[in-house]
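The opening residue of the sequence shown carries number 177 in the numbering used here; numbering runs sequentially from there.
See below for the structure under consideration.
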Amino acid sequence: SLGEGAGATLLETHAGSGGEACFANLLTGVLLGEGARLDHLRLQYESEAAFHFSSTGARLQRDSRYLNHNLCLGARLNRNDIAVELAGEGAAVELHGLTLGGGRSHLDNHTRVDHLAPHTTSAENYKAVLGDRARGVFNGKVVVHPGAQKIVAGQSSRNLLLSAGAEMDTKPELEIYADDVQCHHGATVGQLDELALFYLRSRGVPEAEARAMLIHAFAGEVLRAIDHEGLRRHCHALVDRRVDQLLGQDPEEAS
């Protein structure tokens, strides 16, 4: 809980090594007073035998701001739920997510943003990179309640599949009960750009390195939203290592 005009950065880390199975079930509550700001960075890079469930609820008062960055870099089964209530005029939320999965991982992100007050804003940017037989899910819902005029809301879900066995299900939703709003959403699922790969290969870049470069560029947009330079560099290092692992995996070994 942050009082009026307060500010904080919260780093939440869930890490594991080796192939040991583990279970985590987490609940986080966020209350922001008038004009408060919270930067919440959540890093989850446990083993591919981990089962991880997380639920975050936030309520924002007038002119407060909540930035949530969620990086899921490893688990057998992961579900991340975020629910945000914009209860005061001028409140704003940004939700950023990056998921990297391989093997037989199942990685879910579910978000809900309720615009309860007018002149509130929300922005969601989620990306996933999946290889082998991994499966990802993004389900994001924005609800604009009656009387919540002059709001701006956006959702984006963009996803890369590195193998024929990977699967992504994405479902952005808008539920609007006001008539003076600006809302948009979009979702894409695709593969690495073959023309871009060909261009890099023609310039002498080895194929594995070219693929890694394109994935890093794809993921970089989410990481650039992290304001703290030291934490941003730390996240880049974690993502670089995870991308190298994904590109080095043998799909036959994951069967």
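From the three backbone atoms N, C-alpha and C, an ideal C-beta is built for every residue, glycine too.
Just the Cα atoms here: how many angstroms apart are T232 and A259? 6 Å
Restricting to runs no shorter than 4 residues, where is the alpha helix (DSSP H) found entirely within the region 305-385? 370-378
Check whether chain C comes within 8 Å of G396, counting only Cβ atoms and requiring the distance to be less than that. Protein chains in the displayed structure number just one, and chain C is not present.
So, using beta-carbon positions, are A324 and L350 closer together than 8 Å? no
Would E180 pass as a contact of G211 if the rule is Cβ separation under 8 Å? yes
Please report how far the alpha carbon of H190 lies from the alpha carbon of D355, in whole angstroms. 42 Å
Per-residue DSSP class, three states only, for R255: strand
If I'm right that L271 touches N244 with Cβ under 8 Å, what's the distance once you round it to whole angstroms? 5 Å
Cut-off 6 Å between Cβ atoms - residues of its own chain near V152, not counting five sequence neighbours on either side: Nothing about residue 152 can be reported from this structure: the residues present for the chain run from 177 to 431 only.
Assuming H228 and N254 are in contact, meaning their beta carbons sit under 8 Å apart, how far apart are those beta carbons, in whole angstroms? 5 Å
Counted within 10 angstroms of its Cβ, other Cβ atoms place S378 as buried (16 or more) or exposed: exposed
What does a CB cutoff of less than 6 Å around V124 pick up in its chain, not counting 5 residues either side in sequence? It is not possible to answer for residue 124, since the shown part of the chain is limited to 177 through 431.
Give the C-beta separation of A310 and R280 to the nearest angstrom, bearing in mind that I take them to be a contact with Cβ-Cβ under 8 Å. 7 Å
Taking buried to mean at least 16 other C-beta atoms within 10 Å of its own C-beta, is E383 buried or exposed? exposed
Take the Cβ of P348 as the centre, count every other Cβ of all protein chains shown within 10 Å, and call the residue buried at 16 or more, exposed below. buried
Ignoring anything shorter than 3 residues or poking outside the region 224-270, list the beta strand (DSSP E) runs there in chain order. 226-236, 241-250, 253-262
Can you tell me the Cα-Cα spacing of G362 and P322, whole angstroms? 24 Å
In whole angstroms, what separates the C-alpha of L214 from that of G380? 45 Å
Pick out whichever of G316, I391, G396 has its Cα sitting closest to the Cα of G307. I391
Along the beta strand (DSSP E) that carries A197, what are the first and last residues, could you check? Counting along the chain, A197 falls outside any beta strand (DSSP E), and DSSP gives it neither H nor E.
Cβ-based neighbour list, G366, same chain, cut-off 6 Å, excluding 5 preceding and 5 following: none
If you measure between the beta carbons of V289 and A329, is that distance less than 8 Å? yes
Endpoints, the beta strand (DSSP E) within which H433 is located: As displayed, the chain neither begins before 177 nor continues past 431, which places residue 433 out of reach and without an answer.
Burial state of S193 (16 or more Cβ within 10 Å): exposed
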